[in-house]
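Student: Below is the structure I would like to discuss, written out as structure tokens.
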Amino acid sequence: MKCCSLLWDFFGPSWVSSVQSASISYWLIAAIGEDAAAAVEAAGYGDRCILFPKPANESSETAIPGRGKRHRHHHRGAATSATSTTGTSTSRSDHSAYRWLSAAWKGATWGKVAAVTALVDLGFDVVHSDVDVSWFRDPLPLFLSLGETRGPTPAAAGAPGPTAVFSTDLLTTTNKATDGADSGLERSCIPSYSLNTGVYWVRGSETGSRLMNGWMAVKAAGYTGDDQQGLNLLVRGDVEGVVVGCLPVSSFSHTYAFATTELHKVRQHPLYEVHWVWAGKSLESKRQCMRDARVYDDPPEYYRPSRIMTFELEHVELPPGYNTWPASRTADMVTFSLAALSAQLQQAYWALALAAALNRTLVLPKASEERRWFGCRGGWFRCYCAKTWFATSACRITSERDTVFPFTCPLSHVFRARLLSGGDLRVADPLLGDIRPGGGWRVAESGDPRVEG
21 MKCCSLLWDF FGPSWVSSVQ SASISYWLIA AIGEDAAAAV EAAGYGDRCI
71 LFPKPANESS ETAIPGRGKR HRHHHRGAAT SATSTTGTST SRSDHSAYRW
121 LSAAWKGATW GKVAAVTALV DLGFDVVHSD VDVSWFRDPL PLFLSLGETR
171 GPTPAAAGAP GPTAVFSTDL LTTTNKATDG ADSGLERSCI PSYSLNTGVY
221 WVRGSETGSR LMNGWMAVKA AGYTGDDQQG LNLLVRGDVE GVVVGCLPVS
271 SFSHTYAFAT TELHKVRQHP LYEVHWVWAG KSLESKRQCM RDARVYDDPP
321 EYYRPSRIMT FELEHVELPP GYNTWPASRT ADMVTFSLAA LSAQLQQAYW
371 ALALAAALNR TLVLPKASEE RRWFGCRGGW FRCYCAKTWF ATSACRITSE
421 RDTVFPFTCP LSHVFRARLL SGGDLRVADP LLGDIRPGGG WRVAESGDPR
471 VEG
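Just so you know, we're using the working numbering here: the sequence shown kicks off at 21 and counts up by one.
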């Protein structure tokens, strides 16, 4: 797991809760820097924490394989460790510098590679997980089984199994439905696919060490990208004798595959984890997706707001055959989806205004089966087109066709989650031409049935 103190505050307790719920007993936290280690220890997990120095480009310290020191307690360890690397020690007051593709963010990504390299060099098999991952079952039995898999290429067929298996940024899987059984490695894994470094397993072997040190050598050679870009550059080149495999996105998922497509249900594959990427631009967007899945570790008072209100949404019906419209009708689908979402937002604006006027906590509506406590029928916002930074085809990302419309909208498809979580409603007065703050209110995004009035 990787996180700075900011990311630990956001995701750390939820990550720990998920690995414990999944009965994963071999977990450790690799803290990159003293501040991150202090945050982990303050949360009560010092006996599970290994301290590694910050990356050399962020500190005078140098990340030396094998030199990580255990924080507070010594572990004898098992043959396999699940490591959640906890990134660099960005302070809370300076966390604005820690953003996607920033120098601090890139440095943190390479810090986790250095941590895993040190463990692999010591002979440990490592299951690596980022901090913004939720685990649903123990992957180790599957990884050990996949480690015996023989691939179709001559190099893979002659190897004793893959040295490492990685999650991916794929949007679908070519693995067939399995009625709940594991589907094995991704059948269509090719070098042009983007491996994702959020979750992976690597052998504590000579070939594993060669892979990890080769990965670190990309950075040492002056590469300026992040760890994931460096890995994909490496595997598309040549690491002699090293075989890697891809994990199916239906079982090792991201937010799009999990929440939009529900690919694990479509393919009837077991769900091992969700990496909460593809979930909007902000940490608050990720957090809300986790809340929707009931895997975010909120304090009890979050579900005890006073003076609540909610509302029902009316939805438009899909045009005939909408789910089978071809890519040539993408523009028509986008036009319809924007109109449908606008109609829902108009209803929400009235609810927001009423909540501000009455000084009540507005609980955004959820799917009807989760809202029986409220006696509501309408349900949460429905989306009729995927929202992404990529171009869509038939309102889906690239060529996947597993997504069925409408799907339940992630919050980031509808609102700006960071602004919404602040509860600062600003009203534009068309007569005065100004923007003035509204009354005191907050939004409880979850819609959890435990909310009390």
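Each residue gets a CB set at the ideal place from its N, CA and C atoms; glycine is no exception.
For the alpha helix (DSSP H) that contains Cys209, what are its first and last residues?
Tutor: Here residue 209 corresponds to residue number 189 of the sequence shown, with the count starting at 1. Unbroken run through Cys209: none, as it is neither H nor E.
Student: So what's Gly86 in DSSP terms, helix, strand or just coil?
Tutor: Numbered from its first residue, the sequence shown carries residue 86 at position 66. Residue placement at Gly86 is flagged as unreliable, the pLDDT there being 36, under the threshold of 50; a coordinate-derived value is accordingly withheld.
Student: Within the continuous alpha helix (DSSP H) that includes Ser441, where are the two ends?
Tutor: On the sequence shown, position 421 is the one that residue 441 refers to. Where Ser441 is concerned, the enclosing alpha helix (DSSP H) stretches over 437-442.
Student: Distance, Cα to Cα, Pro385 vs Thr428?
Tutor: Start at 1 with the first residue of the sequence shown, and residue 385 comes out as number 365. Start at 1 with the first residue of the sequence shown, and residue 428 comes out as number 408. Using only the alpha carbons, I get a separation of about 11 Å.
Student: Runs of 4 residues minimum, wholly inside the region 251-293: which ones carry the alpha helix (DSSP H) assignment?
Tutor: Within the region 251-293, the complete alpha helix (DSSP H) runs of at least 4 residues are 283-286.
Student: State the beta-bridge partners of Met329 as determined by DSSP.
Tutor: Numbered from its first residue, the sequence shown carries residue 329 at position 309. The partner list for Met329 (beta bridge, DSSP) reads Leu382.
Student: Looking at the secondary structure, which residues open and close the alpha helix (DSSP H) in which Asn233 lies?
Tutor: Taking the sequence shown and counting its residues from 1, one reaches residue 233 at position 213. Per DSSP, Asn233 belongs to the alpha helix (DSSP H) from 226-240.
Student: Considering only the alpha carbon of each residue, which of Leu162, Trp35, Leu431 lies closest to Lys301?
Tutor: In the sequence shown, residue 301 corresponds to position 281, counting from 1. Among Leu162, Trp35, Leu431, the Cα nearest to that of Lys301 is on Leu431.
Student: How far does the alpha helix (DSSP H) with Val60 in it extend, from its first residue to its last?
Tutor: Here the question's residue 60 lines up with position 40 in the sequence shown. Here the alpha helix (DSSP H) through Val60 covers 54-62.
Student: Which residues share a DSSP beta bridge with Val434?
Tutor: Here residue 434 refers to the residue found at position 414 when the sequence shown is read from its first residue. Per DSSP, none; premise fails for Val434.
Student: Quick one: is Trp47 near chain D, going by C-beta distance under 8 Å?
Tutor: No chain D appears in the structure shown, which is made up of a single protein chain.
Student: Using the Cα positions of Gly234 and Gly261, report the straight-line distance between them to the nearest angstrom.
Tutor: The residue given as residue 234 occupies position 214 in the sequence shown. The residue given as residue 261 occupies position 241 in the sequence shown. For Gly234 and Gly261, the distance between alpha carbons rounds to 12 Å.
Student: Per the contact definition of three or more C-beta pairs closer than 8 Å, is the region 179-198 in contact with the region 215-223?
Tutor: Enough Cβ pairs lie closer than 8 Å, so yes.
Student: Judging by CA-CA distance, which residue of Leu215, Phe435, Thr350, Gln366 is the nearest neighbour of Ala411?
Tutor: As a working mapping, residue 411 is identified with position 391 in the sequence shown. Of the candidates Leu215, Phe435, Thr350, Gln366, the one whose C-alpha sits nearest the C-alpha of Ala411 is Thr350.
Student: From which residue to which residue does the beta strand (DSSP E) around Phe425 run?
Tutor: Numbered from 1 along the sequence shown, position 405 holds the residue referred to as residue 425. From DSSP, Phe425 is part of no beta strand (DSSP E); its letter is neither H nor E.
Student: For the pair the region 139-154 and the region 33-52, tell me if three or more CB-CB distances fall below 8 Å.
Tutor: Judged by Cβ distances under 8 Å, the region 139-154 makes contact with the region 33-52, as three or more pairs qualify.
Student: Compute the distance between the beta-carbons of Val434 and Leu333, then report whether it is under 8 Å.
Tutor: Position 414 of the sequence shown, counted from the first residue, corresponds to residue 434. Position 313 of the sequence shown, counted from the first residue, corresponds to residue 333. Taking 8 Å as the Cβ cut-off, Val434 and Leu333 do not qualify as a contacting pair.
Student: Sort Leu164, Arg311, Thr280, Val336 by Cα distance to Arg421 and report the nearest one.
Tutor: Numbered from its first residue, the sequence shown carries residue 421 at position 401. Comparing Cα-Cα distances from Arg421 to each of Leu164, Arg311, Thr280, Val336, the minimum goes to Thr280.
Student: Assuming Phe163 is part of the alpha helix (DSSP H), what are its boundary residues?
Tutor: Mapped onto the sequence shown, residue 163 falls at position 143. Residues 160-166.
Student: How many whole angstroms separate the CB atoms of Lys132 and Ala50, which I take to be in contact at a CB cut-off of 8 Å?
Tutor: Taking the first residue of the sequence shown as 1, we reach residue 132 at position 112. Taking the first residue of the sequence shown as 1, we reach residue 50 at position 30. Right, the Cβ-Cβ distance comes to about 7 Å (below 8 Å), so this counts as a contact.
Student: Quick one: Cα of Leu27 to Cα of Gly341, how far?
Tutor: Along the sequence shown, read from residue 1 onward, the residue named residue 27 stands at position 7. Along the sequence shown, read from residue 1 onward, the residue named residue 341 stands at position 321. Each residue's alpha carbon lies about 43 Å from the other.
Student: For the putative contact between Met353 and Cys309, defined by C-beta atoms under 8 Å, what is the C-beta separation to the nearest angstrom?
Tutor: The residue labelled residue 353 in the question sits at position 333 within the sequence shown. The residue labelled residue 309 in the question sits at position 289 within the sequence shown. The pair is not a contact, with the Cβ atoms about 23 Å apart (cut-off 8 Å).
Student: Give me, in chain order, the residues of the same chain whose beta-carbon lies closer than 7 Å to that of Leu291; leave out the 5 immediate sequence neighbours on both sides.
Tutor: Along the sequence shown, one-based indexing puts residue 291 at 271. So the list reads Phe156, Ser271, Ser273, His284, once near-sequence residues are dropped.
Student: What is the rounded straight-line gap between the Cα of Glu168 and the Cα of Glu282?
Tutor: Your numbering for residue 168 matches position 148 in the sequence shown. Your numbering for residue 282 matches position 262 in the sequence shown. Approximately 29 Å, taken between the alpha carbons.
Student: Kindly identify the DSSP beta-bridge partner or partners of Asn216.
Tutor: If you number the sequence shown from 1, residue 216 lands on position 196. In the DSSP output, where bridge partners are listed per residue, Asn216 has Ser187.
Student: DSSP three-state call for Phe72: helix, strand or coil?
Tutor: As a working note, residue 72 is residue 52 in the sequence shown. It is a strand residue.
Student: Can you say whether Ile210 is buried or exposed, counting buried as having 16 or more other CB atoms within 10 angstroms of its CB?
Tutor: Here residue 210 refers to the residue found at position 190 of the sequence shown. Exposed, by the Cβ-count rule.
Student: Quick one: is Leu71 buried, meaning 16 or more other Cβ sit within 10 Å of its Cβ, or exposed?
Tutor: Here residue 71 refers to the residue found at position 51 of the sequence shown. It counts as buried.
Student: So Ala313 and Asp158 are supposed to be a Cβ contact under 8 Å. How far apart are they, rounded?
Tutor: One-based indexing of the sequence shown puts residue 313 at position 293. One-based indexing of the sequence shown puts residue 158 at position 138. Wrong, their Cβ atoms sit about 19 Å apart, outside the cutoff.
Student: Going by the DSSP bridge assignment, what does Arg402 pair with across the sheet?
Tutor: Taking the sequence shown and counting its residues from 1, one reaches residue 402 at position 382. For Arg402, which the question treats as bridged, DSSP gives the partners Thr428.
Student: Tell me where the alpha helix (DSSP H) around Ser305 begins and ends.
Tutor: Indexing the sequence shown from 1 puts residue 305 at position 285. Its alpha helix (DSSP H) spans residues 303-312.
Student: Just to check my reading of the structure: Thr330 and Val269 have Cβ atoms closer than 8 Å, yes? What is that Cβ distance to the nearest angstrom?
Tutor: Numbered from 1 along the sequence shown, position 310 holds the residue referred to as residue 330. Numbered from 1 along the sequence shown, position 249 holds the residue referred to as residue 269. With 8 Å as the limit, Thr330 and Val269 do not qualify as a contact, their Cβ atoms being about 34 Å apart.
Student: Would a C-beta distance cut-off of 8 Å place Ser229 and Asp318 closer than the cut-off?
Tutor: Start at 1 with the first residue of the sequence shown, and residue 229 comes out as number 209. Start at 1 with the first residue of the sequence shown, and residue 318 comes out as number 298. Not a contact, by the Cβ cut-off of 8 Å.
Student: By DSSP's criteria, Val151 is part of a beta bridge. Which residues make up the other side?
Tutor: Counted from its first residue, the sequence shown places residue 151 at position 131. Val151 is not bridged to any residue.
Student: Got a sec? Which residues, its chain only, sit under 8 Å from Arg119 by beta carbon, not counting five neighbours each side?
Tutor: Numbered from 1 along the sequence shown, position 99 holds the residue referred to as residue 119. Around Arg119: Trp125.
Student: With DSSP run on the structure shown, which of helix, strand or coil describes Val315?
Tutor: Counting from 1 along the sequence shown, the entry for residue 315 is found at position 295. The answer is coil: DSSP assigns Val315 none of H, G, I, E or B.
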